[in-house]
Amino acid sequence: MIRSILSVVVPCYNEEDGVRELHRRVSAVCQGCVGKAYELILVNDGSSDATWKIMRELAGVDKHVVAVNLSRNHGHQLALSAGLQLCRGERIFILDADLQDPPELLPIMMERMDDGCDVVFGQRLKREGETAFKKASAFTFYRLLNRMVDIDIPRDTGDFRLMSRRAVDILNRMPEHHRFIRGMVSWIGMRQEAVPYERAARFAGETKYPLSKMIRFAIDAITGFSVRPLRMASYLGIFFGIATLLLMAYVLVHYFLGHTVEGWTSLAVIILALGSVQLFVAGVMGEYLGRLYMQSKGRPLFVIQEVVCSNELVHEASHVSSKVSAS
Ligand code: UDP
Ligand code: MG
4 MIRSILSVVV PCYNEEDGVR ELHRRVSAVC QGCVGKAYEL ILVNDGSSDA
54 TWKIMRELAG VDKHVVAVNL SRNHGHQLAL SAGLQLCRGE RIFILDADLQ
104 DPPELLPIMM ERMDDGCDVV FGQRLKREGE TAFKKASAFT FYRLLNRMVD
154 IDIPRDTGDF RLMSRRAVDI LNRMPEHHRF IRGMVSWIGM RQEAVPYERA
204 ARFAGETKYP LSKMIRFAID AITGFSVRPL RMASYLGIFF GIATLLLMAY
254 VLVHYFLGHT VEGWTSLAVI ILALGSVQLF VAGVMGEYLG RLYMQSKGRP
304 LFVIQEVVCS NELVHEASHV SSKVSAS
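Counting the sequence shown from 1 gives a position; the working numbering is that position plus 3.
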């Protein structure tokens with residue numbers, strides 16, 4: 004199979020207002036960098052707007068475009084994984100559809116890769132056009148994550164990056180369902196370097212990461228890379244064991260002094276505190292158990308419904324499905 008030199012992979016969910024501009028800017032950058040040897044893989048993650056229609060049109064007029072339609076909304080990380088499974092380039096450039104991450108950084112990233120890096124990732128210096136809450140939560144999340152996990156996941160880094168074929172091949176072999184791709188790439192190791200940049204505001208549309216998705220993503224990140232939360236059960240056990248000893252001493256003293264009737268408030272507080280701690284610990288265990296359960300089903304990570312591409316060299320849907328179910 005002929006490999007194009009560069010694959011650009013972009014997951015898109017309800018991005019109808021931005022996808023043409025994305026195509027224009029990415030095409031200009033790729034042509035400047037590698038001439039014609041590139042493919043642009045646009046993955047439609049079950050959008051409910053006109054995103055897929057526009058993608059099909061683009062694939063019809065530009066043979067560099069490979070439009071991939073997932074069967075439903077699978078979420079950002081799985082849509083990206085689908086694109087990474089399909090792409091054929093020797094180098095793979097990942098970016099978001101909203102143009103918050105400038106494709107114009109590609110030449111700099113390519114140079115770094117020429118110097119021998121396997122992964123060149125964009126590191127955000129500043130974030131434009133995002134709410135103070137989003138910035139604060141992202142800031143706290145990356146720092147908390149680094150305290151919890153055992154590998155070094157770079158801070159303030161999204162999935163915006165250039166990766167070598169061998170790094171993507173390793174990533175594609177990781178079968179986990181709850182994917183935190185930037186962490187999985189860090190896990191691979193090899194030479195990875197940062198290119199600092201200022202993150203722009205969205206070109207169009209709204210963020211597709213509301214608070215509920217952000218929380219789920221953060222839990223995936225922590226549970227995917229650390230079992231430290233499970234250990235918390237033991238720490239809490241020790242803490243409450245010591246507290247109980249102190250309380251017993253206090254209760255006994257009061258017993259011998261004859262003040263045995265008081266204490267309803269403290270009793271109620273102790274019961275509530277212990278009850279909530281136990282529920283919390285059970286919840287943490289449930290998170291891990293649930294993930295183990297979902298993983299044990301061995302389902303494919305995503306389902307591709309259709310691939311549209313005017314370049315006949317590529318991507319038959321049947322080939323895709325077999326590859327997918329094998330993953
Ligand atoms: N996205 C996706 N599926 C989803 C949610 C988001 O493919 O379920 C895509 C989205 O179209 C965008 C990228 O993932 O290209 C990042 O999403 P977004 O820009 O909304 O996240 P933010 O930059 O606000 O964190
Ligand atoms: Mg964005």
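All C-beta atoms, glycine included, are put in the ideal place defined by N, C-alpha and C.
Computed from a prediction, not measured in an experiment: that's the story for all the values here.
Original post:
Can you tell me whether DSSP reads M166 as helix, strand or coil?
Top reply: strand
Original post:
What are the boundary residues of the beta strand (DSSP E) that A70 is part of?
Top reply: 68-73
Original post:
When the Cα of M58 is compared with those of A197, V256, V32, E19, which residue comes out closest?
Top reply: E19
Subject >> N-terminal and C-terminal residue of the alpha helix (DSSP H) that A135 is part of >> reply: Here the alpha helix (DSSP H) through A135 covers 135-151.
Subject >> Where T210 falls: helix, strand or coil (DSSP) >> reply: coil
Original post:
How big is the Cα-Cα spacing for V327 and T247?
Top reply: Note that V327 scores 40 on pLDDT, short of 50, meaning its location in the model is unreliable and no value can be drawn from it.
**OP:** Compute every distance between the C-beta of A103 and the non-hydrogen atoms of ligand 2, then say whether any falls below 7 Å.
**Re:** Strictly speaking, residue 103 in this sequence is Gln, with Ala absent from that position. Because some heavy atom of ligand 2 lies under 7 Å away, the Cβ of Q103 counts as near it: yes.
Subject >> Beta-bridge partners of G125, as assigned by DSSP >> reply: Note: G125 is bridge-paired with V198 in the DSSP secondary-structure output.
Subject >> As assigned by DSSP and simplified to three states, the class of I184 >> reply: helix
Original post:
Quick one: Cα of R234 to Cα of S279, how far?
Top reply: 17 Å
Original post:
If you compare alpha carbons, which of Y41, G92, N17 is closest to K341?
Top reply: Not covered by the structure: residue 341. The range shown for the chain is 4 to 330.
**OP:** State yes or no: is the C-beta of S189 within less than 8 Å of the C-beta of P157?
**Re:** yes
Subject >> Beta-bridge partners of V37, as assigned by DSSP >> reply: DSSP lists no partner for V37.
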